[in-house]
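Chemist:
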Amino acid sequence: MEKRTNKKKEIGAALIITAVLIAAGFIFYQNNNQENESTVLYETEEDEAVPVRTVRVNRESWHLTRTYPGNIEQWEYAFISGAAGTRILSIHAREGDKVQKGDLLAEMDRSNLNQAEVQMNTACNEVRRLENLAEAGAVSGQQLEQAQAQYDNAKSSYEQLREDTDLRAPIDGVITDKYFVEGEQFSPGGERPSLMTLMTVDPVKVTINISERYFPLIYYGMEVDVMPDTYPGETFEGEVDFIGPTVDPVSRTFRVEIRIDNPDHRLSPGMFARVRMDMDEREDLFLPAAAVHREPGNQTRYVYRVNDGTAERADVQTGDRMEEMLQIRDGLNEGDQVIQEGAGRVESGSEVRIVE
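Mapping of the sequence shown onto UniProt numbering: position 5 corresponds to residue 5, and the numbering continues sequentially without gaps.
Following this line, the structure appears as structure tokens:
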């Protein structure tokens with residue numbers, strides 16, 4: 001009987017201990033769960049601040065450099081032509097020949113020239129005869145004036161025919177095209193505009209079009225770099241030789257011609273080249289271009305500036321670009337902190353957390 005009683009007591013004690021352990025475990029679980037919930041809540045509240053990386057607006061000295069495309073052109077050119085319908089007697093120059101001003105390039109049939117020479121000499125003799133008579137008072141001054149006028153006309157015709165017969169180079173240059181051969185009748189037109197073409201290729205030039213905003217920065221004699229695609233990595237020195245006096249109202253650009261010395265004739269008309277111009281040295285505010293955004297559908301540009309842990313939008317006016325940096329003309333101050341990474345996750349008024 002006592003054994004049964006003791007056994008019941010042992011079982012009861014075990015049940016009580018088990019109940020106490022279960023209750024203690026439940027209380028521990030509840031407390032631990034509340035702590036975890038508090039931790040999660042705390043972390044969630046802390047994570048409401050969007051992590052971002054920022055950059056400061058700096059004032060920097062820089063060179064305003066612009067590059068423009070263009071084609072190398074002859075400095076000047078001339079069409080060599082004689083009188084239409086005249087037979088070509090001889091040609092003294094070939095394509096590629098270098099010639100100097102005054103060199104004889106071709107000769108045309110001399111029949112008309114010889115006839116004009118006879119008429120000129122006849123008119124000249126008549127003037128001399130009348131001059132002698134005028135000294136003796138045998139002819140009037142009017143007759144002498146008429147004879148002189150006839151001589152002047154005959155001489156002018158002769159000189160023009162001589163130019164059309166003995167074809168000489170009007171400029172220094174290179175013969176680039178020859179359209180006729182000896183013995184042909186000279187009849188210019190269509191694909192044969194002249195007897196031959198003469199071009200000056202030392203110097204040569206490049207014509208470029210520049211935005212009107214840079215008009216005050218371009219001046220005669222301004223040194224530039226010319227970089228032909230034909231010679232990768234090589235630069236030729238050039239200078240501004242002509243500045244267009246007007247601005248195109250459609251493109252808002254003006255024409256500039258660059259002169260390049262070409263003594264060894266390495267540069268040939270038709271080559272593509274780029275002209276690099278160091279226009280000005282400035283000191284301005286700059287930001288990385290990646291920190292500046294543009295509204296879809298318009299030209300408004302803006303940044304997100306950080307102020308006391310809050311992002312605030314600031315519209316900015318931008319200017320020139322220098323590699324990866326963008327000039328800031330208005331809207332920011334030197335030292336302002338601007339979001340460079342993470343701007344896509346914020347809006348004006350968002351709390352932000354700056355990370356390294």
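Just so it is clear, CB atoms sit at the ideal spot from N, CA and C, and this is done for glycine as well.
1. How would you write the range of the beta strand (DSSP E) that Leu326 sits in, first residue to last?
2. Residues in its own chain within less than 8 Å of Arg4 by CB, not counting five upstream and five downstream?
3. Around the C-beta of Thr165, are 16 or more other C-beta atoms found within 10 angstroms, so that it is buried, or is it exposed?
4. Can you name, in chain order, every residue of its own chain whose Cβ lies under 8 Å from the Cβ of Gly244, other than the five neighbours on each side?
5. By Cβ distance, which residues of its chain are closer than 6 Å to Gln100, with the 5 residues on each side in sequence left out?
6. Where does Asn121 fall in DSSP's three states?
7. Assess, as a yes-or-no matter, whether the region 209-220 is touched by the region 107-117 under the definition of 3 or more beta carbon pairs within less than 8 Å.
8. Could you please give me the residues that DSSP links to Gly342 through a beta bridge?
9. Residues in the same chain with beta-carbon distance under 6 Å from Met271, minus the five sequence neighbours each way, listed in chain order, please.
10. Rounded to a whole number of angstroms, what is the C-alpha to C-alpha distance between Gln150 and Gln142?
11. Can you say whether Thr44 is buried or exposed, counting buried as having 16 or more other CB atoms within 10 angstroms of its CB?
12. Considering only their Cβ atoms, is the gap separating Ile339 from Thr54 smaller than 8 Å?
13. Does the region 278-285 come into contact with the region 318-337, if we say contact requires no fewer than three beta-carbon pairs (one atom in each stretch) closer than 8 Å?
14. Along the chain, where does the alpha helix (DSSP H) containing Gly309 start, and where does it finish?
15. Going by DSSP in three states, Leu285 sits in which element: helix, strand or coil?
16. Alpha carbon to alpha carbon, how far is Gln247 from Asn209?
17. For the region 196-275, list the beta strand (DSSP E) runs that are entirely contained and at least 3 residues long, ordered along the chain.
18. Assuming Pro203 and Trp75 make a contact with CB atoms under 8 Å, what is their CB distance in whole Å?
19. Can you list, in chain order, the residues of its chain whose CB lies under 6 Å from that of Leu267, leaving out five sequence neighbours each side?
20. Between which residues of its own chain and Val349 is the CB-CB distance below 8 Å, once the five residues before and five after are set aside?
21. Going straight from the alpha carbon of Tyr302 to that of Tyr68, what length do you get?
22. Note the first and the last residue of the continuous alpha helix (DSSP H) segment covering Glu163.
23. Under 8 Å between the Cβ atoms of Val292 and Ile258?
24. Would you tell me roughly how many angstroms separate the C-alpha atoms of Met277 and Ser81, rounded to the nearest one?
25. State the start and end residues of the unbroken beta strand (DSSP E) segment that holds Thr86.
26. State the start and end residues of the unbroken beta strand (DSSP E) segment that holds Phe79.
27. Measuring alpha carbon to alpha carbon, tell me which of Glu234, Met222, Val226 ends up nearest Val240.
28. So, helix, strand or coil for Ala116, using DSSP?
Modeler: Per the coordinate set shown:
1. Segment 325-330, the beta strand (DSSP E) holding Leu326.
2. Residue confidence for Arg4 is low, a pLDDT of 46 falling below 50, so the modelled location carries little weight; the figure read from the coordinates is stated next. Contacts found: none.
3. Taking all protein chains in view, the Cβ of Thr165 is crowded by 16 or more other Cβ atoms within 10 Å, so the residue is classified as buried.
4. In the same chain as Gly244, and ignoring 5 residues on each side of it, the C-beta atoms closer than 8 Å to its own belong to Phe254, Arg255, Val256, in chain order.
5. Taken in chain order, the residues that qualify are Asp172.
6. Three-state result, Asn121: helix.
7. The way I'd put it, the region 107-117 doesn't touch the region 209-220; fewer than three beta-carbon pairs between them come closer than 8 Å.
8. Its beta-bridge partners do not exist; DSSP assigns none.
9. Excluding residues within five positions, the ones whose Cβ falls inside 6 Å are Ile72, Pro228, Thr230.
10. Straight-line Cα distance between these residues: approximately 13 Å.
11. At Thr44 the pLDDT is 37, less than 50, meaning the model places this residue with poor confidence and gives no usable figure here.
12. A distance below 8 Å separates the beta carbons of Thr54 and Ile339.
13. For the pair of segments examined, the region 278-285 was found to touch the region 318-337: the number of CB pairs separated by less than 8 Å reaches three.
14. Note, Gly309: premise wrong, no alpha helix (DSSP H); not H, not E.
15. Strand at Leu285.
16. The identity of residue 247 in the sequence shown is Val, whereas the question assumes Gln. Val247 and Asn209: Cα-Cα distance of roughly 10 Å.
17. The qualifying runs are 196-211, 223-228, 236-243, 253-260.
18. That pair is a contact at about 5 Å.
19. Counting only Cβ-Cβ distances below 6 Å, and skipping sequence neighbours, we find Ile72, Val204.
20. The residue you asked about is not Val; residue 349 is Gly in the sequence shown. Cβ within range, chain order: Thr310, Ala311, Glu312.
21. Using only the alpha carbons, I get a separation of about 29 Å.
22. Here the alpha helix (DSSP H) through Glu163 covers 141-165.
23. With respect to Ile258, Val292 sits apart: the two C-beta atoms are not nearer than 8 Å.
24. Taking the straight line from one Cα to the other gives about 40 Å.
25. Unbroken run through Thr86: none, as it is neither H nor E.
26. Taken as a continuous stretch (DSSP letters only), the beta strand (DSSP E) holding Phe79 covers 58-80.
27. The shortest CA-to-CA distance from Val240 to any of Glu234, Met222, Val226 is the one to Met222.
28. The DSSP-derived three-state label of Ala116 is helix.
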